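Chemist: Before I ask anything, let me first share the structure, which is written out below as structure tokens.
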Amino acid sequence: SQQGEEDPQALSIQEGENATMNCSYKTSINNLQWYRQNSGRGLVHLILIRSNEREKHSGRLRVTLDTSKKSSSLLITASRAADTASYFCATGATSGTYKYIFGTGTRLKVLA
Amino acid sequence: DGGITQSPKYLFRKEGQNVTLSCEQNLNHDAMYWYRQDPGQGLRLIYYSQIVNDFQKGDIAEGYSVSREKKESFPLTVTSAQKNPTAFYLCASSPGISGSHAYFGPGTRLLVL
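This is how it looks when you write it as structure tokens:
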């Protein structure tokens with residue numbers, strides 16, 4: 094079963110604009126992570142936010158977490174053509190099993 | 000150069016055949032995972048292992064089998080019981096501690112002849 098659901102499923106923006114994608118999840122979590130996947134490749138970890146954090150920054154990335162609404166958002170500022178990829182959220186469970194449950198992903202296309 | 004390797008990059012399966020996908024890591028990670036990704040879809044967990052000689056089923060384990068005889072290796076066998084095996088298979092590993100993230104291999108694309 095998918096834990097996270099990303100929204101929107103696809104997003105197309107112009108270079109230089111900001112891109113925002115959202116993730117909703119169902120159960121209690123220890124942390125939430127965002128990954129990027131270029132076409133036909135493996136996933137690359139971008140950023141991890143713990144359940145007791147509300148906001149985190151890494152370069153042009155900003156992640157927020159609202160545990161009361163069971164949702165997170167990823168903001169990419171000043172997007173570049175190289176940001177074109179699929180973005181996935183994944184949740185880390187609070188139980189003793191360290192498995193990651195991924196969402197359905199947002200396909201981002203940045204037009205030059 | 001640490002990381003996760005998967006082989007082969009492309010694999011062709013004939014009807015009724017079992018095939019094995021290789022996954023090796025030199026990150027000294029305790030936990031390893033196998034995911035299946037269908038075109039335009041998210042990742043679904045097939046099997047995961049938190050320690051050598053132990054593994055658990057994920058959400059779609061039917062038609063697949065794994066072994067974890069060595070810490071660095073977690074091969075996945077796609078058996079003939081898996082009727083729709085065409086997909087992109089991703090292996091991952093993690094330290095298996097709270098607050099850690101997953102490291103992914105480059106993937107294996109399995110096609111049915």
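Protein chains in written order, with our numbering: chain A, 94 to 205; chain B, 0 to 112.
Don't be surprised by glycine CBs; every beta carbon is placed ideally from N, CA and C.
Note that the structure is predicted; figures quoted are calculated from it, not measured.
1) Who are the Cβ neighbours of Lys162(A) in its own chain at under 7 Å, not counting the five residues just before and after it?
2) So, is Glu18(B) buried or exposed, given that buried needs 16 or more other C-beta atoms within 10 angstroms?
3) What does Gln126(A) touch in chain B if you count any residue whose Cβ is under 7 Å from its own?
4) Can you check whether the C-beta of Tyr191(A) is within less than 7 Å of a C-beta belonging to chain B?
5) If we cut at 7 Å on Cβ distances, does Gly198(A) have a partner in chain B?
6) Just to confirm the assignment: which complete beta strand (DSSP E) runs, minimum length 3, are found wholly within the stretch 120 to 204 of chain A?
7) Listing by chain order, which chain B residues have their CB less than 8 Å from the CB of Asn123(A)?
8) Sorted by chain position, which residues of the same chain lie with C-beta nearer than 7 Å to Gly106(B)'s C-beta, five sequence neighbours on each side aside?
9) Between the stretch 133 to 165 of chain A and chain B, which residues of the former have CB atoms less than 8 Å from a CB of the latter, in chain order?
10) Within 10 angstroms of the Cβ of Thr85(B), are there 16 or more other Cβ atoms? Answer buried if so, exposed if not.
11) Report the residue from Ser151(A), Thr197(A), Asp159(A) and Thr177(A) whose alpha carbon sits nearest the alpha carbon of Leu139(A).
12) Rounded to whole angstroms, what's the CA-CA distance from Gly104(B) to Ser172(A)? Just pull it up for me.
13) I'd like to know whether the C-beta of Pro105(B) is nearer than 7 Å to at least one C-beta of chain A.
14) Give me the Cα-Cα distance between Leu148(A) and Arg134(A), rounded to the nearest whole angstrom.
15) Straight-line CA distance for Phe54(B) to Glu23(B)?
16) With a CB to CB cut of under 8 Å and the five nearest residues on each side skipped, what residues in its chain are close to Gly95(B)?
17) Considering Lys56(B), what are the terminal residues of the beta strand (DSSP E) in which it resides?
18) Between which two residues does the beta strand (DSSP E) containing Asp100(A) stretch?
19) By DSSP, does Leu26(B) sit in helix, in strand, or in coil?
20) Residues in the same chain with beta-carbon distance under 7 Å from Thr160(A), minus the five sequence neighbours each way, listed in chain order, please.
21) Quick one: measure Cβ to Cβ for Ala174(A) and Val203(A), integer angstroms, because I've assumed they're closer than 8 Å.
22) Using the beta-carbon count (16 or more within 10 Å), is Tyr34(B) buried or exposed?
Modeler: Reading from the atomic positions:
1) none
2) The sequence shown places Val at residue 18(B), rather than the Glu named in the question. Under this definition Val18(B) is a buried residue.
3) Within 7 Å Cβ-Cβ: His100.
4) yes
5) yes
6) 122 to 130, 136 to 143, 148 to 151, 154 to 159, 164 to 169, 178 to 186, 193 to 195 and 199 to 204
7) Ser97 and Gly98
8) Gln5, Phe87, Tyr88 and Leu89
9) Gly133, Arg134, Gly135, Leu136, Val137, His138, Leu141 and Arg143
10) exposed
11) Ser151(A)
12) 26 Å
13) yes
14) Here the sequence assigns Glu to residue 148(A), which means Leu is not the residue at that position. If you draw a straight line from the Cα of Glu148(A) to the Cα of Arg134(A), it is about 28 Å long.
15) 16 Å
16) His28, Asp29, Ala30, Gln49 and Ile50
17) Asp53 to Lys56
18) Glu98 to Asp100
19) coil
20) Ser144
21) Taking the Cβ atoms as the reference, Ala174(A) lies roughly 5 Å from Val203(A), within the contact range of under 8 Å.
22) buried
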